[in-house]
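Enquirer: Structure in structure tokens, see below.
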Amino acid sequence: MVTLHLLFMDSEISAFRGQFLDVKGYCDFVADSIEGLQKEGAISLAEFIETCTEEEIAPFKSRR
Numbered sequence: 061m062v063t064l065h066l067l068f069m070d071s072e073i074s075a076f077r078g079q080f081l082d083v084k085g086y087c088d089f090v091a092d093s094i095e096g097l098q099k100e101g102a103i104s105l106a107e108f109i110e111t112c113t114e115e116e117i118a119p120f121k122s123r124r
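Residue numbers for the sequence shown follow the working numbering, beginning at 61 and rising by one.
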């Protein structure tokens, strides 16, 4: 299960920015609404996982 650990308002672009912190690498997304964050987060994570799969990299940090 992937959880979002960081969410903030980016005043420079007047939008919300989210970032998945339990992934290996960098996976973030931006939207102007909470509903948009959910949609863009799903898209960003799917693309991140696809890229990791293509490059044979484990996408998630191991949990201890």
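Yeah, the Cβ is synthetic: ideal placement off N, Cα and C, and Gly gets one too.
Consult DSSP for Leu67 and reduce its assignment to one of helix, strand or coil.
Expert: Numbered from its first residue, the sequence shown carries residue 67 at position 7. Correct three-state label for Leu67: strand.
Enquirer: If you count every other CB in all the chains shown that lies within 10 Å of the CB of Gly85, and 16 or more means buried, which is it?
Expert: On the sequence shown, position 25 is the one that residue 85 refers to. So Gly85 counts as exposed.
Enquirer: Please name the residue or residues paired with Phe108 in a DSSP beta bridge.
Expert: Indexing the sequence shown from 1 puts residue 108 at position 48. Answer is none; Phe108 lacks a bridge partner.
Enquirer: When you compare only the Cα positions, how much space is there between Ile109 and Asp92?
Expert: As a position in the sequence shown, residue 109 is number 49, starting the count at 1. As a position in the sequence shown, residue 92 is number 32, starting the count at 1. Cα to Cα, the separation comes out at about 24 Å.
Enquirer: Leu81: buried (16+ other C-beta within 10 angstroms of its C-beta) or exposed?
Expert: The residue labelled residue 81 in the question sits at position 21 within the sequence shown. Counting Cβ neighbours within 10 Å, Leu81 comes out exposed, since fewer than 16 surround it.
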